[in-house]
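28 is the number of the first residue of the sequence shown in my numbering; add one for each residue after it.
Presented below is the structure to which this report refers.
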Amino acid sequence: MQLKPFDKAIAESNLYPLKSTGINTLQVNVGRLCNQACRHRKEVMSKETMELCLDILRNSDISTVDITGGAPEMNPNFIWFVEECVKLGRHVMVRSNLTILTEPGYEDMPGFFAENQVEVIASLPYYMEQNTDAQRGKGVFQKSIAALKKLNALGYGIEGCGLILNLVFNPGGAFLPPSQKALEADYKREMQKRYSISFNNLFTITNLPIGRFLAYLNSSGNFEMYMGKLVASYNPSAAINVMCRNILSVGWDGKLYDCDFNQMLGLSVNHGAPTHLKEFDLSSLSNRQIVTGIHCYGCTAGAGSSCGGATT
């Protein structure tokens, strides 16, 4: 199958070369330790590398720190790092798989989040147990519900409390997510009716053809069909607002990437920009050319997709 190169698509939209418009979010992958299916991964960001991240925050006006994993809470220096980011006056977001909050040794984590006004972004593939467990593993749904109830009890997701709880939806197969606004309304209604759970926003994120999903596409014979769908759904307005234009992604080892997806593919920043925290240069990285590939069609199809959900 001959796919139109992504760079050609953005050139036809007068967006080539795709460049950063500045860095307002430092997305930090603190390691790949996880309590779910990927538990075999052991890479962990060191305290020294976290110190480099903090130095960057001290010497810039980057306003938000977006902490990811694995299960980021499992990094032994996670609590210290969050506290240091908060001391610097930064808004901290943590991407949690929820189930970790029910594991021994992590029961107090929701309270820690609340004390530090951490925004929680939680993965919940669907509001039905069967769908979620099919995607994430047996028992994941019930543990997720228990964690969400803990968060709600502290004020997360409750109007007027100021503690933000957002959920994330990924399609369970080779198709684009539905309307974010419509699905959010469904989630809010069903989560409240079935489990008495509230949350602030739902983010819909398109499955990109990388990692385990790419393996599934190839093994199921759906790769050409899915890629054709993404290319046909390319949206110039979504391309204008892709997240890589205003974030910088940091790997567990301090390497720099344009986004979390490029990090998964091992595609570090390029085109002359510094590639490691030790060589950090705000001016150069704030104006860097983004490294792109066919996977970028996933972020620019339909309503667009980012770590904050739809972009249009």
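Even for Gly, the Cβ is constructed at its ideal location relative to N, Cα and C.
Quick check: the Cα distance between Y133 and I191, rounded to an integer number of angstroms?
Inter-residue distance for Y133 and I191 is about 20 angstroms (C-alpha atoms, whole angstroms).
Can you tell me which residues form a DSSP beta bridge with H118?
Beta-bridge pairing by DSSP links H118 to T91.
Express the C-alpha separation of E39 and L181 in angstroms, rounding to a whole number.
The alpha-carbon atoms of L181 and E39 are separated by roughly 49 angstroms.
With a threshold of 6 angstroms on Cβ separation, who are the neighbours of L309 within its own chain once the five nearest residues in sequence on each side are excluded?
Non-local C-beta neighbours of L309 in its own chain, meaning closer than 6 angstroms and more than five positions away in sequence, comprise S87, ordered along the chain.
When you compare only the Cα positions, how much space is there between D93 and L53?
A direct Cα-to-Cα measurement between D93 and L53 gives close to 6 angstroms.
Output the distance between the C-alpha atoms of K170 and T126, rounded to the nearest integer angstrom.
Each residue's alpha carbon lies about 5 angstroms from the other.
Please report the distance separating the alpha-carbon of H29 from that of V258.
For the record, residue 29 in the displayed sequence is Gln; it is not His. It is roughly 11 angstroms from the alpha-carbon of Q29 to the alpha-carbon of V258.
Check for me: the alpha helix (DSSP H) holding L175 runs from which residue to which?
Residues 167-180.
I'd like to check one pair, G336 with N262: are the Cβ atoms closer than 8 angstroms?
N262 is not a Cβ neighbour of G336, given a cutoff of 8 angstroms.
Taking only runs of the beta strand (DSSP E) that begin and end inside the region 117-167, which ones reach a length of at least 3 residues, in chain order?
The beta strand (DSSP E) runs lying completely inside the region 117-167 and spanning 3 residues or more are 118-123, 146-150, given in chain order.
Does the Cβ of K215 have 16 or more other Cβ atoms within 10 Å, making it buried, or fewer, making it exposed?
It is buried - the Cβ of K215 has at least 16 other Cβ atoms within 10 Å.
So which of Y324, H298, P131 has the shortest CA-CA distance to N314?
Ranking the options by Cα distance to N314, first place goes to H298.
My output table needs one value for A209: the three-state DSSP class, helix, strand or coil.
It is helical.
Between which two residues does the alpha helix (DSSP H) harbouring F240 extend?
Per DSSP, F240 belongs to the alpha helix (DSSP H) from 238-247.
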